[in-house]
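Beneath this line is the structure, given in structure tokens, with notes to follow.
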Amino acid sequence: LGSLLNIKEFQNVDYFSLSYIEESARPRCLKTHLHWSLLPEQIRNGTKKPKMIVILRNSEDTCVSLYHHSQIVEKYRGTFEEFCTLFLAGRVCFGPFWKQVLSFWEQRHRENLLFIKYKEMKDDLPAVIRKIATFLGKTFTEEEIKRLSEHLSLESMKKNPAVNHEELLEELRKIGHTISDNCFIRSGIVGAFKSKMSPDMIKKFKVWSEENLIGTELAVE
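Heads up: the sequence shown begins at 1 in UniProt numbering, then just goes up one per residue.
In structure tokens:
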């Protein structure tokens, strides 16, 4: 709680009420890692239908990303191999992974949900921007799409204080977190896990994912 209070003071956001959200100008863009079952009842029963974009990423790269995030934010000091075991067991933040993902995938018939695979963004970001624009009922010129693609590139995000959280990292250092560099945004490479995970662990993830995805019609690269 002490760590949270220090960060709260730094960001000047009231974490303990909904006032910040309620007072935000519309249209609002909110990000969440919550399970579908924890979303407001009005969303789940269809009374309210906000446009929702669900990003799907493969479990292996998600594990690597969460490992580094946990080192920075949660002071995780175990080995990567140990973290992978915890990830597979669903004993990490926002886990179990596939239950979380499938809780949204099971709602894919809803017209207010759009599913985007992380690899799609890496392969053809302009195409994804067009898809999202259509979903949101917006139109962009080709020049605007080009500018958006440049702004949303990984290299651009690394230089953007709004998403790289350099000041947040500094505050975390002040309360005892060990952070080796000043970069919250990492590589973002699809398949980066192959250079991080052991062959045996990669096999475990493959079998685990296949078992969880039986009958779901979902494939995540």
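We put the CB at the ideal spot given by N, CA and C, even for glycine.
Query: With 16 other Cβ atoms within 10 Å as the buried cut-off, status of Glu81; Result: exposed
Query: 3 or more residues per run - each beta strand (DSSP E) lying fully within the stretch 33–89; Result: 52–56
Query: Whether Phe193 touches Cys93 by CB criterion (8 angstroms); Result: no
Query: Euclidean distance between Cα positions of Glu9 and Asn160; Result: Reliability fails at Glu9, whose pLDDT of 48 lies under 50, so the model's placement of it is uncertain and the value that follows must be treated cautiously. Approximately 21 angstroms between the Cα atoms of the pair.
Query: C-beta atoms of Ser103 and Ser209 nearer than 8 angstroms; Result: no
Query: Helix, strand or coil at Lys158 according to DSSP, with G and I counted as helix; Result: helix
Query: Straight-line Cα distance separating Arg147 from Trp98; Result: 35 angstroms
Query: Start-to-end residues for the alpha helix (DSSP H) that takes in Leu148; Result: Glu142 to His151
Query: Which of helix, strand or coil DSSP assigns to Leu102; Result: helix
Query: Residue range of the beta strand (DSSP E) that includes Phe115; Result: Leu113 to Lys117
Query: Environment of Ser59 [buried if 16+ CB atoms lie within 10 Å]; Result: buried
Query: Environment of Tyr67 [buried if 16+ CB atoms lie within 10 Å]; Result: buried
Query: Test item: CB-CB of Asp61 and Val190 under 8 angstroms; Result: yes
Query: Buried or exposed (CB count within 10 angstroms, at least 16 for buried), Ser19; Result: exposed
Query: Ile129 and Ser156 closer than 8 angstroms at C-beta; Result: no
Query: Minimum Cβ-Cβ distance from Arg28 to chain C less than 8 angstroms; Result: The question asks about chain C, but that chain is absent: this structure has only one protein chain.
Query: Of the residues Met52, Ser153 and Pro40, the one placed nearest Cys29, counting alpha carbons only; Result: Met52
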